[in-house]
Amino acid sequence: MTCCLVILFSFHFVAHAQMSTFKDGTVIKGFGKSAPVPSHVLPENSAFNITFDVASTGGEGVVNRKFDSLARFINMHAAAGVKKENIHLALVVHGSAVFDLLNDASYQEKYDTPNPNKPLLKALLENNVRVILCGQSAASKAVESGHLVEGVEIQLSAMTAHALLQQEGYTVNPF
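Numbering (the numbering used here), first residue to last: 4 to 178.
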């Protein structure tokens, strides 16, 4: 029994120590923590055009971790020396994730709490991330443009958004 407790507590401390290496970034504070990788060097003129596809909600009253991935991408690449103007991201949202794009009034009406994603979405938008909502998902969930965080675009469909972004040189991040 004592041996099991020692192993359990040791694992907890190792996991905590590993997580403490993840720090806030310099671009989007409070979101998108990352760990430095000192041995990795990116080419000097690295540039990224990447789309992130999100179809599931983060959960009621919880920041969507998939949205946070964009903040992490920006923060860790800025820390690795990539110029901010060389990072072009788009967030394509469909399915139940539609509700994570609601403005505070609409989110409050649905969940009885302000939208925890709003500060992150605002920071992403301020850092030139395009946030694109699938019009088909919006229609199926009865979500209109007036229900959304300011700055969210609505496209005909998520498929259309991805096709158009691909024509602009964007690739889809598989994570």
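Every residue, glycine too, gets a C-beta built ideally from N, C-alpha and C.
Practice task
Grab me the residues of V101's own chain with a C-beta within less than 7 Å of its C-beta, minus the 5 sequence neighbours each way, in chain order.
Solution key: Residue 101 sits at position 98 when you count from the first residue of the sequence shown. Only L136, S140, A141, K144 and V146 meet the Cβ criterion.
Exercise for the section: From the DSSP output, in three-state form, read off I77 for me. Expected result: Position 74 of the sequence shown, counting from 1, holds the residue named residue 77. In this structure, I77 counts as helix in the three-state DSSP scheme.
Problem - DSSP state of V44 mapped onto helix, strand, coil - result: For this step, residue 44 is matched to residue 41 along the sequence shown. Coil, per DSSP.
Exercise for the section: Using beta-carbon positions only, say whether L151 and L94 come within less than 8 Å of one another. Expected result: Taking the first residue of the sequence shown as 1, we reach residue 151 at position 148. Taking the first residue of the sequence shown as 1, we reach residue 94 at position 91. Contact flag unset, no.
Problem - Runs of alpha helix (DSSP H) lying entirely within the region 76-113, each at least 4 residues, in chain order - result: none
Exercise for the section: Look at N67 and D103 and say whether their C-beta atoms are less than 8 Å apart. Expected result: Within the sequence shown, the letter at position 64 stands for residue 67. Within the sequence shown, the letter at position 100 stands for residue 103. Yes; because the gap between Cβ atoms is below 8 Å, this pair is in contact.
Practice task
Return the CA-CA distance between Y173 and G61, expressed in angstroms with no decimal places.
Solution key: For this step, residue 173 is matched to residue 170 along the sequence shown. For this step, residue 61 is matched to residue 58 along the sequence shown. Cα to Cα, the separation comes out at about 24 Å.
Handout entry: CA nearest to the CA of N78, picked from V155, L159, E156 and V132
Key = For the purposes of this step, residue 78 is taken as the residue at position 75 of the sequence shown. Of the listed residues, the one whose Cα sits closest to N78 is V132.
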